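Protein chains in written order, with the numbering used here: chain A, 1 to 103; chain B, 1001 to 1103.
We put the CB at the ideal spot given by N, CA and C, even for glycine.
Please read these numbers as outputs of a predicted model, since none were measured by experiment.
Protein chains: 2
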Amino acid sequence: MVKRARGSRTGRPIMALLDLLGRRWVLRIVWELREEPRRFRELQDAIGASPTIVNSRLAELREAKLVELDADTGYRLTALGRELLRLFLPLHVWSEKWAKALV
Amino acid sequence: MVKRARGSRTGRPIMALLDLLGRRWVLRIVWELREEPRRFRELQDAIGASPTIVNSRLAELREAKLVELDADTGYRLTALGRELLRLFLPLHVWSEKWAKALV
DNA sequence: GCGATCGCTACAGAAAATGTAGTAACGGAG
DNA sequence: CTCCGTTACTACATTTTCTGTAGCGATCGC
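Given below as structure tokens:
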């Protein structure tokens, strides 16, 4: 079942996804996990958010099956999470172009 | 100059972009503008947010040169905004797969 | 003038995020 | 066993952000 999202009550997957990804720190967390697993504190320090919110975002991402906790190595993307990340990787290149256009 | 983002103070474009897109309603607004221009109220009704926040998000998107206001037709994506949207279109398909995996 | 529509703003109350401190569980050293 | 370090995570008062509702000023057609 798709978690009914904060803003949109349609139940359409794309809306639930946009809502999830549109929460503060969520995109950033996925990004930080793109290369290797991270410990809770490590992640918290990297993004500079409070533990409260890091924890609740991780809980949401775990419920969405995009992130999982491995006791030995830390938080990491699931197979599904890596698929999503792959869709986002072009953003990195594009963001450079975008930054130039903003001058 | 890349607007220094709320959460990250690195100045790296990808961080500024993730921060911008990670603000509530931003992804949703871009999504709503994917096909045709929308009027302010139209947009507000479509996403169900308060006018205050719709206006401030639109202001941020205009400053980021992703959205512009055409007096005759309403808010619409700029060329840059359409490029960004193109990167996001695969999300629509992927979200269906994701929803199935969540059962 | 009058009404309709446009983008947008004011403001009080509600919700979410922060910053700091601390808890509970585990593992290894002495 | 006790002590120490590390882990994920929680409590809570303060601050920031968002909502919900009402309304402003400008513009257009009549």
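Check your understanding: Taking the alpha carbon of residue 1039 of chain B as the point to measure from, which residue in B:1100, B:1075, B:1092 has its own alpha carbon closest?
Key -> The option with the nearest alpha carbon to residue 1039 of chain B is B:1075.
Review point. Which stretch, first to last residue, makes up the alpha helix (DSSP H) that contains residue 1081 of chain B?
Key: Where residue 1081 of chain B is concerned, the enclosing alpha helix (DSSP H) starts and stops at 1079-1101.
**Study point:** Opening and closing residue of the alpha helix (DSSP H) in which residue 42 of chain A lies
**Key:** 40-47 is the extent of the alpha helix (DSSP H) around residue 42 of chain A.
Review point. Are the C-beta atoms of residue 83 of chain A and some chain B residue less than 8 angstroms apart?
Key: Output row for residue 83 of chain A: interface = yes.
**Study point:** Contacting residues, own chain, Cβ-Cβ under 6 angstroms from residue 69 of chain A (five flanking each side not counted)
**Key:** Only 75 meet the Cβ criterion.
Practice item. In angstroms with no decimal places, state the Cα-to-Cα distance between residue 15 of chain A and residue 55 of chain A. Key: When rounded, the distance between both Cα atoms is 23 angstroms.
Review point. Which residues in the same chain have their Cβ closer than 7 angstroms to the Cβ of residue 28 of chain A, if we skip the five residues on either side of it in sequence?
Key: Same-chain partners within the cutoff: 47.
Check your understanding: Which residues in chain B sit within 7 angstroms of residue 90 of chain A, going by Cβ to Cβ distance?
Key -> Near residue 90 of chain A (Cβ distances below 7 angstroms), the residues of chain B are 1087.
Check your understanding: Which residues in chain B sit within 7 angstroms of residue 53 of chain A, going by Cβ to Cβ distance?
Key -> The contacting residues do not exist; residue 53 of chain A stays about 10 angstroms from chain B at best.
Exercise for review: Consider the C-beta atom of residue 1022 of chain B and the heavy atoms of the ligand FAD; say whether any pair is separated by less than 7 angstroms.
Suggested key: With respect to the ligand FAD, the structure shown offers nothing to examine, as it has no ligands at all.
Exercise for review: Might you give, ordered along the chain, the residues of its own chain that have their beta carbon closer than 6 angstroms to the beta carbon of residue 1073 of chain B, omitting 5 neighbours on each side?
Suggested key: Within the same chain, residue 1073 of chain B has close Cβ partners 1037.
Exercise for review: Under 7 angstroms between beta-carbons, which chain A residues line up against residue 1039 of chain B? List them in chain order, please.
Suggested key: Going along chain A, no residue has its Cβ under 7 angstroms from residue 1039 of chain B, so there is no contact; the nearest lies around 20 angstroms.
Check your understanding: Assuming residue 1098 of chain B and residue 17 of chain A make a contact with CB atoms under 8 angstroms, what is their CB distance in whole Å?
Key -> Residue 1098 of chain B to residue 17 of chain A, Cβ: 7 angstroms. Contact.
Check your understanding: Under 8 angstroms, do residue 25 of chain A and residue 53 of chain A count as touching if we go by C-beta distance?
Key -> Yes, the pair counts as a contact, with Cβ atoms nearer than the cut-off.
Practice item. Pick helix, strand or coil for residue 1057 of chain B, following the three-state DSSP scheme. Key: Residue state, collapsed to three classes: helix.
Check your understanding: So, is residue 67 of chain A buried or exposed, given that buried needs 16 or more other C-beta atoms within 10 angstroms?
Key -> By the C-beta density criterion, residue 67 of chain A is buried, having at least 16 other C-beta atoms within 10 angstroms.
Review point. Exposed or buried, residue 86 of chain A, counting other C-beta atoms within 10 Å across all chains shown (16 or more means buried)?
Key: The residue is exposed, with fewer than 16 neighbouring Cβ atoms inside 10 Å.
Point to revise | Cβ of residue 17 of chain A within 8 angstroms of any chain B Cβ | key: Interface residue (Cβ-Cβ distance to chain B less than 8 angstroms): residue 17 of chain A is classified as such.
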